[in-house]
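Numbering (our numbering), first residue to last: 16 to 323. For each residue, glycine too, the CB sits at the ideal point set by N, CA and C.
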């Protein structure tokens with residue numbers, strides 16, 4: 016199989032069958048390096064739904080994507096064999112069955128020593144993915160971009176919702192000890208005790224103030240190196256709603272797309288084993304701003320994987 020995107024000079028970018036970055040569709044056992052996967056599930060959201068439609072919309076908008084990275088001076092298309100693996104067959108009326116199917120799918124990827132980028136879906140889908148990743152690699156570093164801590168307790172008597180995934184990741188031992196690094200966190204919180212869990216478990220919480228006060232370059236200079244297997248999960252609501260209006264729980268005062276680009280380009284992750292982009296809700300998007308931001312994050316993640 017030729018793992019090359021369809022050229023925009025052969026087929027206009029607004030035409031053709033939509034895949035991630037116009038890449039070929041491949042079965043799980045094909046000889047690709049990085050699989051791009053849709054996880055269309057939003058049954059565990061607490062406010063605005065719609066993230067189930069993100070994989071389809073991000074595929075469409077990714078037709079504008081290209082391969083050469085100006086800052087890294089590399090072309091991920093030349094360094095990586097990438098393919099669209101389609102969507103996990105989720106069950107919209109059952110979070111439990113959806114988790115089982117997600118774990119099974121990513122267990123299959125791990126058994127084949129593949130890396131991947133998943134497009135959700137609400138943030139609860141990260142938990143079953145990380146269960147599969149940890150079965151393969153053991154506890155991993157987790158780099159977490161988000162407006163929210165996502166270490167919250169059960170809601171309405173339900174343990175598994177999009178605001179609790181990181182609590183379960185830590186409690187289940189899927190992350191390395193002191194290995195969770197959060198970027199973009201901001202208020203408001205329900206109460207000061209929302210910070211108790213992160214503090215108790217050694218989660219590094221960096222806020223938008225940490226990025227802005229003192230300057231972006233100073234923040235970048237303080238970023239740690241992530242040695243060993245590392246997973247990156249990117250909730251688009253880490254961006255300000257001006258840059259990402261199409262998300263389920265928007266929070267004013269967020270990062271800009273440029274700040275996110277600079278931070279992603281500065282991360283030292285020699286072994287990024289997997290990543291996801293979540294909480295894109297196309298029904299609430301405007302002019303595809305949020306979907307475009309998601310595509311750009313995918314591009315940056317492919318740059319990290321190609322530059323290992």
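Measuring straight from C-alpha to C-alpha, what distance separates residue i and residue j?
i, j, result
"residue 61", "residue 25", "44 Å"
"residue 152", "residue 193", "17 Å"
"residue 98", "residue 226", "34 Å"
"residue 43", "residue 124", "7 Å"
"residue 170", "residue 16", "46 Å"
"residue 261", "residue 76", "14 Å"
"residue 213", "residue 184", "12 Å"
"residue 172", "residue 154", "28 Å"
I'd like to know whether the C-beta atoms of residue i and residue j end up nearer to each other than 8 Å.
i, j, result
"residue 133", "residue 198", "no"
"residue 157", "residue 195", "yes"
"residue 218", "residue 69", "no"
"residue 292", "residue 312", "yes"
"residue 57", "residue 65", "yes"
"residue 258", "residue 63", "no"
"residue 282", "residue 238", "yes"
"residue 36", "residue 80", "yes"
"residue 48", "residue 130", "yes"
"residue 40", "residue 117", "no"
"residue 200", "residue 222", "yes"
"residue 235", "residue 278", "yes"
"residue 18", "residue 96", "yes"
With a threshold of 8 Å between beta-carbons, can residue i be considered close to chain B, or not?
i, result
"residue 248", "Looking at the structure shown, chain B is missing, and only one protein chain is on hand."
Starting from residue i, trace the alpha helix (DSSP H) both ways and give me its first and last residue.
i, result
"residue 101", "Counting along the chain, residue 101 falls outside any alpha helix (DSSP H), though it belongs to the beta strand (DSSP E) covering 97 to 102."
"residue 50", "Where residue 50 is concerned, there is no enclosing alpha helix (DSSP H), although the beta strand (DSSP E) it sits in stretches over 49 to 54."
"residue 141", "141 to 152"
"residue 86", "It is not in any alpha helix (DSSP H) - residue 86 carries neither H nor E in the DSSP assignment."
Provide the residue span of the beta strand (DSSP E) that contains residue i, from first to last.
i, result
"residue 292", "287 to 293"
"residue 133", "130 to 135"
"residue 155", "155 to 160"
Say the cut is 7 Å; is the CB of residue i nearer than that to a heavy atom of the ligand GTP?
i, result
"residue 218", "The ligand GTP is absent from the structure shown, which contains no ligands of any kind."
Evaluate the contact criterion for the segment 135 to 148 versus the segment 223 to 230: three or more CB pairs, one atom per stretch, below 8 Å. Not touching, per the Cβ criterion.
The segment 104 to 123 in contact with the segment 23 to 39 per 3-pair CB rule at 8 Å: Verdict: no, contact absent.
Tell me the start and end of each unbroken beta strand (DSSP E) in the segment 192 to 254 that is at least 3 residues and wholly inside, in chain order. The segment 192 to 254 contains these whole beta strand (DSSP E) runs: 219 to 222 and 245 to 250.
Pairing CB atoms from the segment 241 to 254 with CB atoms from the segment 84 to 97, are three or more of them under 8 Å? Contact fails: fewer than three Cβ-Cβ distances are below 8 Å.
Unbroken alpha helix (DSSP H) runs of length 4 or more, entirely within the segment 20 to 76: which are they? Runs of the alpha helix (DSSP H) inside the segment 20 to 76: 69 to 76.
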